[in-house]
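In the UniProt record's numbering, the protein residues as written are 1 to 77. Here a beta-carbon is modelled for each residue, glycine too, at the ideal position from N, C-alpha and C. Remember, it's a predicted structure, so these values are computed and weren't measured experimentally.
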Amino acid sequence: MMSPTSAPTASLNEIGSAAWHKSTFSGASNGCVEHANLTDDRCAVRDTKNREFGAIVFDSPSWGAFISSVNSGVLSL
1 MMSPTSAPTA SLNEIGSAAW HKSTFSGASN GCVEHANLTD DRCAVRDTKN
51 REFGAIVFDS PSWGAFISSV NSGVLSL
């Protein structure tokens, strides 16, 4: 697993030019997240309503572990 000192990063240019995909669980309140696949096997996630706050970048194994935990009910949204 990654630690705060080894967490992947992305430049503002890379975040700004990424192909973002809005969550299919978005409702009328627009309270959701967006996901983008980046180069070098990284993923970025950001708040749809607060895009100006930037994004959190994950390596692929960490993102996969998070998604698996949500899908299995270990974490709930």
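Note on residue 53: under 16 other CB atoms within 10 angstroms of its CB, so exposed under the neighbour-count rule. In chain order, 23, 45, 46, 47 and 48 place their CB closer than 7 Å to the CB of residue 33, counting only its own chain and leaving out the 5 sequence neighbours on each side. Annotation: the continuous beta strand (DSSP E) that includes residue 44 extends over 42-47.
With fewer than 16 other beta carbons inside 10 angstroms of its own, residue 12 counts as exposed. For residue 38, the beta-bridge partners assigned by DSSP are 42.
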